[in-house]
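Each residue of the sequence shown is one higher than the last, beginning at 929 in the numbering used here. Just so it is clear, CB atoms sit at the ideal spot from N, CA and C, and this is done for glycine as well.
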Amino acid sequence: MMIGTHSLLPVCGCLLADRISMAAGRPRMFSGWNLVAIGTFGFLPDILSPHLSLESRQSSWSHTVWAAIAIAFLVPLTRYTCKKGSRIPVAIACWIAYALHLAADAISGGIAWLYPWRDDVVGRYYIPSEDWIWYDAGFILLVWAIYRVFPRFAKKQAV
């Protein structure tokens, strides 16, 4: 998948959760900078170990379960970008964003989850690479729609 999908997939989920909680009368969980942090964690595996081919992605240390476990110990650092009440949800969302990146790569060519101990590739091309640009465009439109349409819906529900 491309970087737009990796960063906007978790942001879409967070925006939806935020809008639903606002509709229920609760305060926002994710502010602008929180969404930036979550989006950054979404494309972090590609930044930590850049790759241009499927083979290099499958031998990348950042696309393994070991890296996901290591990231779980780093997400508490996101507390510096958060208000006190939203630190735990943002940290969880950042880790989920990293895990969603691995899941998206698994369905778009596969990854070697246990590399370097095992070279078994999990996943395959369920989404062909020719279609990746359409997923980026779709997530851009989805973020725009959630950002524009749901605030009006949340205001009507809260009244």
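Close beta carbons around V1049, own chain, < 8 Å, minus the five adjacent residues each side: As a position in the sequence shown, residue 1049 is number 121, starting the count at 1. Hits under 8 Å: Q986, G1038, I1039 and A1040.
Between the alpha carbons of T992 and G1051, how many angstroms are there, rounded? Indexing the sequence shown from 1 puts residue 992 at position 64. Indexing the sequence shown from 1 puts residue 1051 at position 123. When rounded, the distance between both Cα atoms is 13 Å.
Just checking my contact of Y1054 with L972 at CB under 8 Å: how many whole Å lie between their CB atoms? Within the sequence shown, numbered from 1, the residue matching residue 1054 stands at position 126. Within the sequence shown, numbered from 1, the residue matching residue 972 stands at position 44. That pair is no contact at about 23 Å.
For Y1075, I'd like the list of residues in its chain whose CB is within less than 8 Å of its CB, leaving aside the five on either flank, ordered along the chain. Position 147 of the sequence shown holds residue 1075. For Y1075, the CB contacts under 8 Å within the same chain, skipping 5 residues up- and downstream, are L943 in chain order.
Run through DSSP, which three-state label would V1049 get? The residue you call residue 1049 lines up with position 121 of the sequence shown. The three-state secondary structure of V1049, taken from DSSP, is coil.
Distance, F1001 Cα to D918 Cα: Not covered by the structure: residue 918. The range shown for the chain is 929 to 1087.
Give me the residue from A1021, A995 and N962 with the minimum Cα distance to Y1008. Along the sequence shown, read from residue 1 onward, the residue named residue 1008 stands at position 80. That would be N962, whose Cα lies nearest to the Cα of Y1008.
State the Cα-Cα distance for the pair A965 and W1045, rounded to the nearest angstrom. Here residue 965 refers to the residue found at position 37 of the sequence shown. Here residue 1045 refers to the residue found at position 117 of the sequence shown. The straight-line gap separating the alpha-carbon atoms of A965 and W1045 is approximately 31 Å.
If you run the structure through DSSP and keep just helix, strand and coil, what is I1024? The residue given as residue 1024 occupies position 96 in the sequence shown. It is helical.
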